[in-house]
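In mature numbering (1 follows the signal peptide of the UniProt record, and there is no 0), the protein residues as written are -32 to -1, 1 to 602. From the three backbone atoms N, C-alpha and C, an ideal C-beta is built for every residue, glycine too. Just so you know, these numbers come straight off a predicted model, no measurement behind them. Read the structure below first, then the notes.
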């Protein structure tokens, strides 16, 4: 976690005001940002950020149980945890953090049908270490007392592949453990084929502080298909764990049942920051007790210095404030001044026209109520008649005092004025003067969407109303690539733009899809985000597409890039609960699945203690499951 501290010893009782000002900034508390990281692979120098106990980095992965140079993996344990603790909850306010994590992993028996024991993602009190002389196998490197719920302190999601008599179900399973390896809830894990072949699996774990719900979505493999399963449990972590926790992975193998346990990638984010208070317990060091009081002459000097310093500081502050205001004014002019751009466009005959405020006021009868068409979030819209063109227009009047409205005005003048599309209302003109910001559009005699939805004059069928972000994704890719969505002049996968870009993304060559007319003259970070968000929105399975709000957060660098599968997936037929899991939070990532396989999903309901498996078909039925939340960050 980020933190800071300062110890300040005052050696004198007299300081000029600017010194006091400097000291004020020095003793201001430092706030730590919420914890977040992303490992796409692991290297030996990651030891500064990851703590290893009998585990180690190998071949770009974390190997949780020793298998260096093909050594015997029997009766092994290991842990890998993040070096810094997580601030789980605040003692003063009792606020809980939200956290989300994603990791990909393999459990590989190397063809052996006798395998064990599994791995966990766990939380434990800060500083938690492997037990002394740790118990092998069923302990999963968490405890030597698997069923001691009063002596243990941990919360874990276990991926258990061995049946330990006394507490485990008779099958591979995923469970949520609270201070005991006898899971509070579990679901059968379809994993046998994956273990024998060493296939990579994925897992998403999230905790919602409002609902105190821990949610897990994970993959398996069954009948030659990738399987998605889910599990959830309500638990208030404050009842079981301290405010600071160690978190990471653990794994163990038995004497005969063994496997290689590896973590391939790991990302994590939490929401609760921490304040590390300044050490203010050291009092100022006073002068000698026998020091005489200052003489009158010295007193005059001190007062003069204080007053003079105050005047200087005040004058300097005013000067800096004036300079700041001037720069801000220039910045605003540069940000919202479109005269040069718009005049150039108008001279070419391609841009909208600049109107005077007087002209638009006359056209709208001085923005009279009888001409008002409606009220938006940033101002009213009025009907106007332009005598010069003898045509009706719609004039949007944006309040210059609305910061968001000014941003909207800037966006529309800069962007929409360049667009020409049959389904877009055409921007005809603009005006920004001290009296307000005005945008002039073509008038729609048939009314607005608001009119058709709420005035009861007509009915719009659902097929007309409903849409998702797929078209937004295709448009984003068109802008980035400079080509049509489907172009017959290309062959194979290159004919379809989305499939072509996805192939380049999977091979790590996504920038090859950028418009060649740009001659590589573009911001790579912006281009990468535009194309990946385009693919995300154009995901073949609509359940994995983001909302427009999520897409914009990524485009604005307010959220991390999503992790998409290397190969373009096929459509998924999801149960209702898993749809809620994968779509209710700010990010969700597509599954890794080849085009030649179908994707299926199983869900779990902890209230009925039953597992349901849904096969993929056009008539696939849905099942009801616990509604959970999931946020997956890259």
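Checklist entry - Taking DSSP as the reference, what is the three-state secondary structure of residue 171? => result Numbered from 1 along the chain shown, position 203 holds the residue referred to as residue 171. Of the three classes helix, strand and coil, the one that applies to residue 171 here is strand, per DSSP.
Checklist entry - Count the other CB atoms within 10 Å of the CB of residue 100; is the residue buried (16 or more) or exposed (fewer)? => result In the chain shown, counting from the first residue as 1, residue 100 sits at position 132. Exposed is the call here.
Next on the checklist: So, under 8 angstroms CB-CB, residue 6 and residue 235 are touching, yes? Tell me the CB distance rounded to an integer number of Å.
Outcome noted: Walking along the chain shown from the start, residue 6 turns up at place 38. Walking along the chain shown from the start, residue 235 turns up at place 267. That belief holds up - the Cβ atoms of residue 6 and residue 235 are roughly 4 angstroms apart, short of 8 angstroms.
Checklist entry - What are the start and end residues of the beta strand (DSSP E) that includes residue 234? => result The residue labelled residue 234 in the question sits at position 266 within the chain shown. That run of the beta strand (DSSP E) goes 228 to 238.
Next on the checklist: Output needed for residue 486: all residues of its chain with C-beta closer than 7 angstroms, excluding positions within five of it in sequence on either side, in chain order.
Outcome noted: By one-based count along the chain shown, residue 486 stands at place 518. Correct list: empty, nothing qualifies.
Item to check | Option nearest residue 93 by Cα separation, candidates 343, 400, 123 | outcome: Along the chain shown, one-based indexing puts residue 93 at 125. Ranking 343, 400, 123 by Cα distance to residue 93 puts 123 first.
Checklist entry - Can you name the residues that DSSP bridges to residue 54? => result As a first step, residue 54 must be located in the chain shown, where it is residue number 86. Looking at the DSSP assignment, residue 54 forms a beta bridge with 213.
Checklist entry - Just how far apart, CA to CA, sit residue 316 and residue 396? => result What you label residue 316 is simply residue 348 of the chain shown in a count that begins at 1. What you label residue 396 is simply residue 428 of the chain shown in a count that begins at 1. The pLDDT assigned to residue 316 is 49, lower than 50, so where the model puts this residue is not dependable; a value taken from the coordinates is nonetheless given after this. Taking the straight line from one Cα to the other gives about 15 angstroms.
Item to check | Closest Cα partner of residue 176 within the set 160, 239, 190 | outcome: Working through the chain shown from its first residue, we reach residue 176 at position 208. Ranked by Cα distance from residue 176, the first of 160, 239, 190 is 239.
Checklist entry - What is the residue span of the alpha helix (DSSP H) that residue 462 lies within? => result Along the chain shown, read from residue 1 onward, the residue named residue 462 stands at position 494. It is not in any alpha helix (DSSP H) - residue 462 carries neither H nor E in the DSSP assignment.
Item to check | For residue 469, three-class secondary structure by DSSP | outcome: The sequence position of residue 469 within the chain shown is 501, counting from 1. It is helical.
Next on the checklist: I need the straight-line Cα distance from residue 326 to residue 411, nearest angstrom please.
Outcome noted: Here the question's residue 326 lines up with position 358 in the chain shown. Here the question's residue 411 lines up with position 443 in the chain shown. Going by C-alpha positions, residue 326 is about 20 angstroms away from residue 411.
Item to check | The alpha helix (DSSP H) enclosing residue 161, as first and last residue numbers | outcome: The residue given as residue 161 occupies position 193 in the chain shown. That run of the alpha helix (DSSP H) goes 160 to 165.
Item to check | Boundaries (first-last residue) of the alpha helix (DSSP H) holding residue 480 | outcome: One-based indexing of the chain shown puts residue 480 at position 512. Segment: none, residue 480 is in no alpha helix (DSSP H) and carries neither H nor E.
Checklist entry - Based on Cα-Cα distance, which residue from 114, 125, 95 lies nearest to residue 148? => result To locate residue 148, count along the chain shown from 1; it is residue 180. Of the listed residues, the one whose Cα sits closest to residue 148 is 114.
Checklist entry - Is DSSP giving residue 347 helix, strand or coil here? => result Here residue 347 refers to the residue found at position 379 of the chain shown. Note: residue 347 maps to strand in three-state DSSP.
Next on the checklist: Run through the DSSP bridge pairs and tell me what residue 532 is partnered with.
Outcome noted: Taking the first residue of the chain shown as 1, we reach residue 532 at position 564. Note: residue 532 sits in no beta bridge, so no partner.
Checklist entry - At which residues does the alpha helix (DSSP H) containing residue 197 begin and terminate? => result For the purposes of this step, residue 197 is taken as residue 229 along the chain shown, with counting starting at 1. Where residue 197 is concerned, there is no enclosing alpha helix (DSSP H), although the beta strand (DSSP E) it sits in stretches over 193 to 202.
Item to check | Supposed contact pair residue 184 and residue 196 - C-beta distance, whole angstroms, cut 8 angstroms | outcome: Numbered from 1 along the chain shown, position 228 holds the residue referred to as residue 196. Numbered from 1 along the chain shown, position 216 holds the residue referred to as residue 184. That belief does not hold up - the Cβ atoms of residue 196 and residue 184 are roughly 11 angstroms apart, past 8 angstroms.
Next on the checklist: Taking contact to mean 3 or more Cβ pairs, one atom from each stretch, closer than 8 angstroms, check whether the stretch 54 to 73 and the stretch 163 to 180 are in contact.
Outcome noted: Taking 8 angstroms as the limit for Cβ pairs, the verdict is that the stretch 163 to 180 does touch the stretch 54 to 73.
Checklist entry - Expressed to the nearest angstrom, what Euclidean distance is found between the alpha-carbon atoms of residue 48 and residue 454? => result The count along the chain shown starts at 1 and reaches residue 48 at position 80. The count along the chain shown starts at 1 and reaches residue 454 at position 486. C-alpha separation (whole angstroms): 47 angstroms.
Item to check | Cβ contact (3+ pairs, closer than 8 angstroms) linking the stretch 221 to 231 and the stretch 199 to 209 | outcome: no
Checklist entry - Taking residue 363 as the reference, which of 355, 356, 342, 357 has the closest Cα? => result For this step, residue 363 is matched to residue 395 along the chain shown. When each option's Cα is compared against that of residue 363, the closest is 342.
Item to check | Span of the alpha helix (DSSP H) around residue 152 | outcome: In the chain shown, counting from the first residue as 1, residue 152 sits at position 184. First-last for residue 152: undefined, no H or E at that position.
Next on the checklist: For residue -19 and residue 287, I'd like the C-alpha separation in whole angstroms.
Outcome noted: Translated into positions along the chain shown, residue -19 becomes position 14. Translated into positions along the chain shown, residue 287 becomes position 319. Only weak support exists for where residue -19 lies, its pLDDT of 43 falling under 50; the value from the coordinates is given anyway. For residue -19 and residue 287, the distance between alpha carbons rounds to 26 angstroms.
Next on the checklist: Could you compute how far the alpha carbon of residue 218 sits from the alpha carbon of residue 489?
Outcome noted: The count along the chain shown starts at 1 and reaches residue 218 at position 250. The count along the chain shown starts at 1 and reaches residue 489 at position 521. Each residue's alpha carbon lies about 47 angstroms from the other.
Checklist entry - Would a C-beta distance cut-off of 8 angstroms place residue 43 and residue 31 closer than the cut-off? => result Here residue 43 refers to the residue found at position 75 of the chain shown. Here residue 31 refers to the residue found at position 63 of the chain shown. The answer is no: Cβ separation not under 8 angstroms.
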